[in-house]
Amino acid sequence: MQSWGLNVVRPGLLPPTLIGQDVEGEEEVRIVTAKRPGHVAHIDFTVVPTTGLSTPWFPFSLPQIHPFAHWVAIVEDHFSRQCLGFAVFAKEPTTKETTDFLDRIFQNRGKPDHLISDKGPQFRDEYMEWCQGQKIQFRRGKVGEHGSISVVERCIKTMKNECIPHSGVSCSIDRFREELELYFIWYNEYRAHEYLGGRTPNEVFDQVKVPACEKPRIELRDRWPEDSDCAKPSVPIAGVPGATPILVIGFLEGRKHLPIINFIDPESTADAA
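Position 80 of the sequence shown, counting from 1, maps to 79 under numbering that gives the first Met the number 0, and the rest follow consecutively.
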């Protein structure tokens with residue numbers, strides 16, 4: 000039993016350096032630099048106990064399979080930190096289930112040049128043959144090496160900190176997948192990332208670059224010196240100078256842990272009324 004979750008919303012500022020081990024020789028270390036979106040991707044699995052079984056010790060006293068827990072697979076773009084897709088499994092997935100999952104993602108999002116994973120049982124001979132057939136350079140994260148697989152691990156940790164405690168983990172795989180799908184839509188589209196300089200993964204993945212001088216801004220000074228040389232080049236003002244902006248907080252599909260924050264000019268609100 001499995002449940003697919005493919006993020007179909009729009010597929011860094013500092014290109015990170017990734018350290019991975021070569022497939023042929025475990026001791027050979029190569030430097031792979033994520034130069035652009037879609038260049039390097041990561042895949043990893045995590046086990047998520049269902050609600051009520053998330054104490055530090057209790058999950059390990061039960062089988063890590065449905066209905067006691069779900070297995071979640073996540074694929075993340077290294078450069079933009081965008082979650083390319085995820086899947087929920089009832090038990091630890093096989094190599095065939097893993098490659099089927101990747102086939103679905105890459106069919107929708109395009110194939111990366113490099114794919115990084117750990118040394119789990121899914122990522123062995125059959126998986127390596129699949130990568131070769133897809134013309135994807137397979138890399139294993141180097142054990143004990145900072146930065147080798149930490150990118151997707153941080154994504155998993157963020158998901159467990161920001162989503163799981165608020166949404167809960169239903170025994171139903173479909174319900175759990177729906178909550179994760181909403182979370183990753185929000186994660187890609189609305190969640191600003193410090194590493195990306197305050198941009199969202201979608202903005203970086205899509206190479207959205209709008210100069211600051213072209214962005215309407217809020218001017219709090221009612222006597223803003225528009226004619227002054229220091230105020231040039233002129234930046235468009237949202238509304239009128241001195242107007243107190245209205246902060247509007249919405250929530251994606253009503254989920255309070257997925258806020259969407261916007262500023263609204265009170266003048267435009269009055270005109271609309």
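No residue lacks a Cβ here, since even glycine has one placed at the ideal position from N, Cα and C.
Is the distance from the Cβ of residue i to the Cβ of residue j below 7 Å?
i	j	result
E75	C130	no
A68	F100	no
P92	A40	no
F183	S79	no
V234	R216	yes
T50	G167	yes
L181	L246	no
Starting from residue i, follow the alpha helix (DSSP H) in both directions and report where the run begins and ends.
i	result
L181	172-188
G132	124-133
P48	Where P48 is concerned, there is no enclosing alpha helix (DSSP H), although the beta strand (DSSP E) it sits in stretches over 39-48.
V203	200-204
P164	163-166
Going by alpha carbons, who is nearest to residue i out of the options?
i	options	result
F88	C170, R220, P164, V207	C170
G84	G109, D226, K255	G109
V239	F250, E188, L251, P224	P224
G132	V209, A237, T98	T98
W185	G253, A86, N107, V46	G253
V46	W70, R35, S60	W70
N187	T157, D173, K214	T157
With respect to the beta strand (DSSP E) encompassing residue i, which residues constitute its N-terminal and C-terminal limits?
i	result
P240	No beta strand (DSSP E) contains P240, which DSSP labels as neither H nor E.
L83	82-88
V71	68-76
H113	113-116
Q106	No beta strand (DSSP E) holds Q106; the alpha helix (DSSP H) holding it covers 94-108.
V247	245-250
I217	Where I217 is concerned, there is no enclosing beta strand (DSSP E), given that its DSSP letter is neither H nor E.
G140	136-140
P258	258-263
With 16 other CB atoms within 10 Å as the buried threshold, where does residue i fall?
i	result
H113	buried
I115	buried
Q81	buried
H165	exposed
Q20	Unreliable positioning characterises Q20 in this predicted model, as indicated by a pLDDT of 46, which lies under 50. A coordinate reading is not provided.
V151	buried
L219	exposed
G140	buried
V207	exposed
G37	buried
P62	exposed
E23	Any reading at E23 must be qualified, since the residue scores a pLDDT of 46, below 50, and its modelled position is unreliable; the value itself is stated next. So E23 counts as exposed.
R138	buried
A242	buried
Measure how close the beta-carbons of residue i and residue j come, nearest whole angstrom, since I'm counting them as under 8 Å.
i	j	result
K90	H65	7 Å
E161	H256	6 Å
D117	I148	6 Å
I259	Y189	5 Å
G119	F175	That belief does not hold up - the Cβ atoms of G119 and F175 are roughly 21 Å apart, past 8 Å.
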